[in-house]
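Visitor: Taken in order, the sequence shown gives residues -14 to 109; the numbers are from my numbering.
The beta carbon of each residue, even a glycine, is placed where N, CA and C say it ideally should be.
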Amino acid sequence: MTREKAIKALGLMEQIESIVVTYEPGEQMEDTSVHELKEACHMAIAALRAQPKKLDRSRWVGCKECVPPWCKTCIRYDVRNMDTICTFSCINHSKHKPNNFCQSCGRPLTEEAWEELERRITDG
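(1) Whole angstroms is fine: what's the gap from Lys49's alpha carbon to Gln0's?
(2) Within its chain, find whatever has a CB closer than 8 angstroms to the CB of Lys39; leave out the 5 residues flanking it on each side and keep chain order.
(3) Since Cys51 is in the alpha helix (DSSP H), which residue starts that stretch and which ends it?
(4) Please classify Arg105 as buried or exposed, where buried requires at least 16 neighbouring CB atoms within 10 angstroms.
(5) With a threshold of 7 angstroms on Cβ separation, who are the neighbours of Cys26 within its own chain once the five nearest residues in sequence on each side are excluded?
(6) DSSP beta-bridge partners for Pro93?
(7) Give the DSSP-derived three-state secondary structure of Ser79 in the structure shown.
Dropping the structure here:
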């Protein structure tokens, strides 16, 4: 469901004047009024409208696994686990395709991954 469809559906819920609720024998009737349900819909609509249309990439800070300045694909990282900027002209780099998303925090790591995430967020 897209954000716009959710806002429209919740807007219809705000127009409800009464609700018929059926209960199983022995269940307690909750003390929730139609007014409270309308207020909850109003709050949900406000929250949906407050979400930015475009994903702000600068606000997604990566974790310790996807931020370091090395590529994690060469023998230097695998064998020595060095936490320094890689200055080697890595002969294996072209053989490795980077992951689209960080395996630890889910942060997009490639342009294609950012585009896919933005599409998922906007299209629902």
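Guide: To lay it out plainly:
(1) 48 angstroms
(2) Glu103
(3) That residue, Cys51, is in no alpha helix (DSSP H); it is neither H nor E in DSSP.
(4) exposed
(5) Leu(-5), Met(-2), Glu(-1)
(6) Phe86
(7) For Ser79, the pLDDT reaches just 48, beneath the cut-off of 50, and the residue's location in the model is therefore unreliable, leaving the point undetermined.
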